[in-house]
Each structure stands twice: as structure tokens, then as C-alpha cells.
Amino acid sequence: MLSVHGRRPAAVIVEPLARALLKTGVSPNTVTVAGAAVTIAITVVLIPTGHLVWAAVLSGLFAAFDMIDGTMARLRGGGTRFGATLDATCDRITDGALFAAITWWLIYSYDAHPSLVVAAFIVLVSSQVISYVKARGEASGFRMVGGLIERPERLIIGLVGVGLQGFGVPYAIDVAIWVLAAGSVITVIQRLMLANRDDRARETIAPPAGAEAAK
Numbered sequence: 121m122l123s124v125h126g127r128r129p130a131a132v133i134v135e136p137l138a139r140a141l142l143k144t145g146v147s148p149n150t151v152t153v154a155g156a157a158v159t160i161a162i163t164v165v166l167i168p169t170g171h172l173v174w175a176a177v178l179s180g181l182f183a184a185f186d187m188i189d190g191t192m193a194r195l196r197g198g199g200t201r202f203g204a205t206l207d208a209t210c211d212r213i214t215d216g217a218l219f220a221a222i223t224w225w226l227i228y229s230y231d232a233h234p235s236l237v238v239a240a241f242i243v244l245v246s247s248q249v250i251s252y253v254k255a256r257g258e259a260s261g262f263r264m265v266g267g268l269i270e271r272p273e274r275l276i277i278g279l280v281g282v283g284l285q286g287f288g289v290p291y292a293i294d295v296a297i298w299v300l301a302a303g304s305v306i307t308v309i310q311r312l313m314l315a316n317r318d319d320r321a322r323e324t325i326a327p328p329a330g331a332e333a334a335k
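Anchor point for the sequence shown: position 26 equals 146 in the numbering used here, and the numbering is continuous, going up by one each time.
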């Protein structure tokens, strides 16, 4: 939801930063990789060691690079196919690192109930599936817009839960994980339904390369 409606308000801050970086000669792809690398380092170091507040604040700060690189590309005249692929790949890696680090902390530091650990694994897997369904659907020509828990919501809920838990709010991470688990499953179903309702959903496709030869 926020990925559709939240970009215009954020543009007030993001666009000046993007313009400033372009003036220095930094490329959007460099910002993509740098933002992902720093975010991954923050999550895998700070969360497992229990520095939850710093992890939430710094991860949220550097997650903003995900908007800056796209804005830079737009201001420069448009992004490239490789840039879009690189950005999507880095997003998947950073999401995986964040929720893997949270799951690690739940198991080894929080002494979480097994059901909460299962919910965390659901979030970890479904965060990848949500993005894959959209990418695969768009590759098939479907219009895949919206969903209950997209990447911005996922990051906000996850990091707010981590931060509040670090401040001592009881069960903050529990609530965040369960909300994400339920919402992510719903979002996967929503996106599959979007694909199923598309006018081109029943069109046949060519078999994969080598399929006929294998008969």
C-alpha cells in the first residue's frame, strides 16, 4: 500500500538528496549496492547482539537508499533494465538478512516460544514469495499493483517491533511478527488472485527450453 501512496510525501526529502548525489558523480547502482551492504551489516551485527534500538534506527535510515537510487535514475532520465534487476536483487537480500537476524535473535536471545519462531520463518519465506509473485506476474504481462503487506509495510512493522522491544515494550516483537506473518500470507493470496483475474491469465505459454527434447 505504501509503495503506491507513500512516494509523493517522501519526495520532499528524497529528491534533494538524489540531486546532490548525482552532482557528485555517484551512480544509482552504486547507491543501491552501498545501501544494501550497509543495511545488511547493521542487521546481522546489531540484532543478534541485542542492540535492537540502534538496529531499528540505522536500518530504517539506510533503507531509505531504496528510494534514493530510483529517484536518481528518474532524475537522470530513466533507469536501466540492469539497474532494476540489481535493485530488486538487493531488496531480496536485505529483507532476508533482516528477518533471518530477527529469527536468530528470537531463538538464541529471546527464548521465543516455538510458535513465534514458526511465525518468523513464515515471514522470512513469505517476504520473498510476495516479491516473486509480483515479479513473475509482471513478467507474464499481468498488472500486479498493491497488496496488504508490501516491502515498505514489512520494513516499518518489523523495525518498529524491533525498536520498541529494544526500548523495553513487552511483546512488541511478538505482535510485529504475528501481524507480518498473517498479513504476508494474505498478501501472497491477494497477488495470486490478481494474477488469476487478469484477462491474460488463461493464455497458454511456450514450454521451457529443452522440454520438447526431453519427451
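The beta carbon of each residue, even a glycine, is placed where N, CA and C say it ideally should be.
Return the first residue and the last residue of the alpha helix (DSSP H) that P148 is part of.
-> One-based indexing of the sequence shown puts residue 148 at position 28. Segment P148 to L166, the alpha helix (DSSP H) holding P148.
Closest to L76 by CA distance: which of A255, F182, Y291 and Q310 is it?
-> Outside the displayed span of the chain (121 to 335) sits residue 76, for which this structure offers no information.
Per-residue DSSP class, three states only, for F287 | As a working note, residue 287 is residue 167 in the sequence shown. Assignment of F287 by DSSP, reduced to helix, strand and coil, places it in the coil class.
Beta-carbon contacts of L206 that lie in its chain and below 8 Å, excluding the five residues immediately before and after | Working through the sequence shown from its first residue, we reach residue 206 at position 86. N149, T152 and V153.
Meets three-Cβ-pair contact criterion under 8 Å: the region 214-232 and the region 195-206 | no
Which two residues bound the contiguous alpha helix (DSSP H) that contains E270?
-> Along the sequence shown, one-based indexing puts residue 270 at 150. Segment: none, E270 is in no alpha helix (DSSP H) and carries neither H nor E.
When we look at the beta-carbon of P328 and count the other beta-carbons within 10 Å, is it buried (16 or more) or exposed?
-> Indexing the sequence shown from 1 puts residue 328 at position 208. P328 should be labelled exposed.
Assumed close pair V245, I167 - CB separation to whole angstroms, cut-off 8 Å | Numbered from 1 along the sequence shown, position 125 holds the residue referred to as residue 245. Numbered from 1 along the sequence shown, position 47 holds the residue referred to as residue 167. Not confirmed; about 18 Å, so no contact.
Using DSSP with H/G/I as helix, E/B as strand and the rest coil, what is A326?
-> Position 206 of the sequence shown, counted from the first residue, corresponds to residue 326. Coil, per DSSP.
Would you report the Cα separation of S304 and A296, rounded to the nearest angstrom?
-> Residue mapping note: residue 304 aligns to position 184 of the sequence shown, counting from 1. Residue mapping note: residue 296 aligns to position 176 of the sequence shown, counting from 1. Approximately 12 Å, taken between the alpha carbons.
Give a yes or no on contact between the region 306-318 and the region 206-218, applying the rule of three or more CB pairs nearer than 8 Å.
-> no
Can you tell me whether DSSP reads T144 as helix, strand or coil?
-> Taking the sequence shown and counting its residues from 1, the one referred to as residue 144 is at position 24. In this structure, DSSP gives T144 a state outside helix and strand, which the three-state scheme calls coil.
Out of curiosity, what's the CA-to-CA distance linking F219 and E135?
-> To locate residue 219, count along the sequence shown from 1; it is residue 99. To locate residue 135, count along the sequence shown from 1; it is residue 15. For F219 and E135, the gap between their C-alpha atoms comes out near 29 Å.
Taking Cβ positions, are A301 and A217 nearer each other than 7 Å?
-> Translated into the one-based positions of the sequence shown, residue 301 becomes position 181. Translated into the one-based positions of the sequence shown, residue 217 becomes position 97. Taking 7 Å as the Cβ cut-off, A301 and A217 do not qualify as a contacting pair.
Beta-carbon proximity list for L172, same chain, < 6 Å, skipping 5 on both sides = Taking the sequence shown and counting its residues from 1, the one referred to as residue 172 is at position 52. Same-chain partners within the cutoff: V282, Q285 and G286.
Return helix, strand or coil for S229, following the three-state DSSP convention.
-> Against the sequence shown, residue 229 aligns to sequence position 109. DSSP places S229 in coil when its eight states are reduced to three.
Closest residue to L236 among A140, T223 and S247 (Cα-Cα distance) = To locate residue 236, count along the sequence shown from 1; it is residue 116. Of A140, T223 and S247, the residue nearest in Cα terms is T223.
R317 - containing alpha helix (DSSP H), residue span | The residue labelled residue 317 in the question sits at position 197 within the sequence shown. Segment A292 to R317, the alpha helix (DSSP H) holding R317.
Going along the chain, which residues of its own chain have a beta-carbon closer than 7 Å to the beta-carbon of A321, five neighbours each way excluded?
-> As a working mapping, residue 321 is identified with position 201 in the sequence shown. The residues are A315.
Is it the case that the Cβ atoms of M264 and E270 are separated by a distance below 7 Å?
-> Along the sequence shown, one-based indexing puts residue 264 at 144. Along the sequence shown, one-based indexing puts residue 270 at 150. In this structure, M264 keeps its C-beta atom at 7 Å or more from the C-beta atom of E270.
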